[in-house]
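Sequential numbering of the sequence shown, starting at 19, is according to my numbering.
Note that CB positions come from ideal geometry on N, CA and C, so glycine has one too.
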Amino acid sequence: MNKIRVVNKIRAICVYCGSSPGNDAAYVEAGEQLGVALAAAGVKLIYGGGTTGVMGAVAHGTLGAGGEVGAIIPSFLINRETTKAALSTFSDVTITETMHERKHKMFERSDAFVALPGGIGTVEEIVEVMTWSQLGQHRKPIVFANINGFWDPMLGAFDHLRRTGFIHSGHLMQPIVVDRVEAIIPAIVAAAQKIDAPDNGIPSIIDKM
Numbered sequence: 019m020n021k022i023r024v025v026n027k028i029r030a031i032c033v034y035c036g037s038s039p040g041n042d043a044a045y046v047e048a049g050e051q052l053g054v055a056l057a058a059a060g061v062k063l064i065y066g067g068g069t070t071g072v073m074g075a076v077a078h079g080t081l082g083a084g085g086e087v088g089a090i091i092p093s094f095l096i097n098r099e100t101t102k103a104a105l106s107t108f109s110d111v112t113i114t115e116t117m118h119e120r121k122h123k124m125f126e127r128s129d130a131f132v133a134l135p136g137g138i139g140t141v142e143e144i145v146e147v148m149t150w151s152q153l154g155q156h157r158k159p160i161v162f163a164n165i166n167g168f169w170d171p172m173l174g175a176f177d178h179l180r181r182t183g184f185i186h187s188g189h190l191m192q193p194i195v196v197d198r199v200e201a202i203i204p205a206i207v208a209a210a211q212k213i214d215a216p217d218n219g220i221p222s223i224i225d226k227m
């Protein structure tokens, strides 16, 4: 993979993904590959702190390639998605009291968002940042990593919502869909270059959601 040094706008990317490996080895492999790509690009990984499944693969891939990781996890998940010993491998760990606080810290510290395969939590997280985008509260790139067609059903649901008139301000909510891990960072960089000015959202409004 060619090394892409990302500067200015994209300093950290939030990755949402499952704490389980799923039933296709390609999901974990994609997580590790993305971690390596982030490290090669000099972009910090911001993620939910889990050290198992796809989450663990992204973190281990980033660290193994010499990259930086920011782990953000609620205290009640420490013994479910990781352990205190496993978290000690990270130099940047934030432990929150609630999921709400975790999600806001992940949003604030990230310049773009990527959804790898995952479960209900992953869906909820990526849809929330899409909602904020549709409401005009941020312009950060949003990417669905559609590994082996994983997100096809959800993307189909979005198309249905558009056809039936339930997605307004659609021009503000245009997630990027890529099929290959190596396309993720270039797609984010290209999207960021189209944004005239950085926009981190309006915290006073986002905090009420």
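- [ ] Might you give, ordered along the chain, the residues of its own chain that have their beta carbon closer than 6 Å to the beta carbon of Gln211, omitting 5 neighbours on each side?
- [x] none
Open item on the list: To the nearest angstrom, how far is the alpha carbon of Trp150 from that of Asp42?
Closed with: 31 Å
Open item on the list: Let's see if you can read the secondary structure: which residues bound the beta strand (DSSP E) around Phe162?
Closed with: 160 to 163
- [ ] State buried or exposed for Pro92, treating a residue as buried only when at least 16 other CB atoms are found within 10 Å of its CB.
- [x] buried
Open item on the list: Taking only three categories from DSSP, how would you classify Ile96?
Closed with: helix
Task: C-alpha distance - Val33 paired with Ala133, whole-angstrom precision - done: 6 Å
Task: Inter-residue CB distance, Ile213 and Arg157 (contact presumed, cutoff 8 Å) - done: 5 Å
Task: Stretch pair the stretch 50 to 62 + the stretch 138 to 155: three plus CB contacts closer than 8 Å - done: no
Task: Between the CA atoms of His186 and Gly40 - distance to the nearest angstrom - done: 33 Å
Task: Close-in-space but distant-in-sequence residues of the same chain around Ser38 (CB under 6 Å, 5 per side omitted) - done: Gly71
Task: Cα-Cα separation between Tyr45 and Gly67, rounded to whole angstroms - done: The straight-line gap from Cα to Cα measures roughly 18 Å.
Task: Contact the stretch 199 to 207 vs the stretch 54 to 66: 3+ CB pairs below 8 Å - done: yes
- [ ] Per DSSP, which residues does Cys32 bridge with? Please list them.
- [x] Ile64, Phe131
Task: Cβ neighbours of Gly136 in the same chain (closer than 7 Å, five flanking residues each side left out) - done: Tyr34, Cys35, Gly36, Val72
TODO: Compare the beta carbon distance of Thr100 and Thr140 with 7 Å and say whether it is the shorter of the two.
DONE: no
Open item on the list: So, with DSSP's three-state summary, where would you put Thr114?
Closed with: Strand at Thr114.
Task: Element boundaries [alpha helix (DSSP H), containing Val195] - done: Segment 194 to 196 is the beta strand (DSSP E) holding Val195; no alpha helix (DSSP H) there.
- [ ] Please state whether DSSP places Gly84 in a helix, a strand or coil.
- [x] coil
Open item on the list: Tell me the DSSP secondary structure of Ile203 in three-state form.
Closed with: helix
- [ ] Can you grab the Cα-Cα spacing for the pair Val87 / Ile165, in whole Å?
- [x] 23 Å
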